[in-house]
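In my numbering, the protein residues as written are 615 to 913.
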């Protein structure tokens, strides 16, 4: 079985090295990289199994410009919601492939720790669970994989936790303590579940690795670029300055705006996401905190 990773950023490289443990994977990106088994995009698209680790906001344009459907089996390793089209990523891919070809990777996983071969557990979600099991064969022994069929739930958890990580970074940046961060995580998980249920996600997904697991990781560590965005916002830096300093894509920024728009259209109550959007637009973080605390307790 031949597999290629498309996207040579930190996460793409981490997955490529993980697959290299027992297989001979290939890797590709628009810009040539000095990596063993680097191949062109056209060569990558000829492989039977493809892993997409591209920046969320650029995926749709990439697909329109480059993708050719040869019946490849696709694992989506990106996390977020497309802001320009207000679409979940499976919706974008299903413009080009059938649902039986698509699988989604989720769960708590920092690229730097995967590169060090530290143990973790991840979830492979596919409309056809056999496809998830096929992809699981590529993962090394230090990555435990589980499979299910809740594609939409996995996507929403992976996207939403990035926004909540910004919120928790703000809390820690304001030195509000462990109690405050834990409260944000818990209420954030409730909010994420409320949003996900409106789009047909399974309850169990939010309590497992894709939901609570990934949220606990991303919202409590400076290894998370979204957490770092929040921390720097609390320090008084503006968003443009932060993104320049970060030198990496923080998917939670655009995803926050996309979730807010979708929630508004579907009339879903998302107070934490709404406040994060206001902060990203320039609202003072301390005023946001006061507004969150003033909310009624019906939610």
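Ideal placement from N, C-alpha and C gives every residue a C-beta, glycine not left out. Model, not experiment: these values are computed from the prediction.
Presumed contact (8 Å Cβ cut-off) between residue i and residue j, rounded CB distance
| i | j | result |
| --- | --- | --- |
| residue 720 | residue 745 | About 15 Å separates the two Cβ atoms, so there is no contact after all. |
| residue 802 | residue 829 | 7 Å |
| residue 659 | residue 624 | The pair is not a contact, with the Cβ atoms about 23 Å apart (cut-off 8 Å). |
| residue 884 | residue 805 | 6 Å |
| residue 642 | residue 654 | 6 Å |
| residue 663 | residue 615 | 6 Å |
| residue 728 | residue 622 | In fact, because the Cβ distance is near 15 Å, the residues do not count as touching under 8 Å. |
| residue 772 | residue 843 | No, residue 772 and residue 843 are not in contact; Cβ-Cβ is about 17 Å, not under 8 Å. |
| residue 677 | residue 702 | That belief does not hold up - the Cβ atoms of residue 677 and residue 702 are roughly 14 Å apart, past 8 Å. |
| residue 813 | residue 770 | 6 Å |
| residue 872 | residue 690 | Residue 872 to residue 690, Cβ: 16 Å. No contact. |
C-alpha distance - residue i paired with residue j, whole-angstrom precision
| i | j | result |
| --- | --- | --- |
| residue 675 | residue 793 | 42 Å |
| residue 640 | residue 617 | 6 Å |
| residue 833 | residue 787 | 12 Å |
| residue 796 | residue 901 | 20 Å |
| residue 861 | residue 855 | 10 Å |
| residue 859 | residue 894 | 16 Å |
| residue 912 | residue 630 | Confidence at residue 912 is low in this model, with a pLDDT of 48, below 50, so the placement of that residue is unreliable and no value is reported for it. |
| residue 722 | residue 835 | 12 Å |
| residue 741 | residue 752 | 19 Å |
| residue 837 | residue 648 | 25 Å |
| residue 651 | residue 877 | 43 Å |
| residue 698 | residue 875 | 11 Å |
| residue 754 | residue 628 | 12 Å |
| residue 716 | residue 853 | 34 Å |
| residue 626 | residue 767 | 22 Å |
| residue 896 | residue 886 | 15 Å |
| residue 890 | residue 781 | 7 Å |
| residue 695 | residue 636 | 32 Å |
| residue 864 | residue 826 | 20 Å |
| residue 888 | residue 866 | 13 Å |
| residue 763 | residue 748 | 14 Å |
| residue 620 | residue 668 | 7 Å |
| residue 673 | residue 684 | 18 Å |
| residue 671 | residue 791 | 33 Å |
Per-residue burial, residue i [other beta carbons within 10 Å of its own, 16 or more giving buried]
| i | result |
| --- | --- |
| residue 800 | exposed |
| residue 756 | exposed |
| residue 776 | buried |
| residue 817 | exposed |
| residue 881 | exposed |
| residue 898 | exposed |
| residue 904 | exposed |
| residue 657 | exposed |
| residue 908 | exposed |
| residue 712 | exposed |
| residue 692 | buried |
| residue 849 | exposed |
| residue 789 | exposed |
Coil, strand or helix - residue i by DSSP
| i | result |
| --- | --- |
| residue 708 | coil |
| residue 777 | helix |
| residue 793 | helix |
| residue 758 | strand |
| residue 642 | strand |
| residue 689 | strand |
| residue 873 | helix |
| residue 728 | helix |
| residue 861 | coil |
| residue 738 | strand |
| residue 701 | strand |
| residue 632 | helix |
| residue 768 | helix |
| residue 618 | strand |
| residue 648 | coil |
| residue 626 | helix |
| residue 894 | helix |
Limits of the unbroken alpha helix (DSSP H) element including residue i
| i | result |
| --- | --- |
| residue 678 | 673 to 680 |
| residue 838 | First-last for residue 838: undefined, no H or E at that position. |
| residue 746 | 743 to 750 |
| residue 571 | Since the first residue shown for the chain is 615 and the last is 913, residue 571 is missing from the structure and cannot be characterised. |
| residue 821 | 817 to 821 |
Segment limits, beta strand (DSSP E) that includes residue i
| i | result |
| --- | --- |
| residue 653 | Element bounds for residue 653: n/a, residue is neither H nor E. |
| residue 663 | 663 to 666 |
| residue 882 | No beta strand (DSSP E) holds residue 882; DSSP gives it neither H nor E. |
| residue 716 | 716 to 720 |
| residue 826 | From DSSP, residue 826 is part of no beta strand (DSSP E); its letter is neither H nor E. |
Any chain B beta carbon closer than 8 Å to residue i
| i | result |
| --- | --- |
| residue 796 | No chain B appears in the structure shown, which is made up of a single protein chain. |
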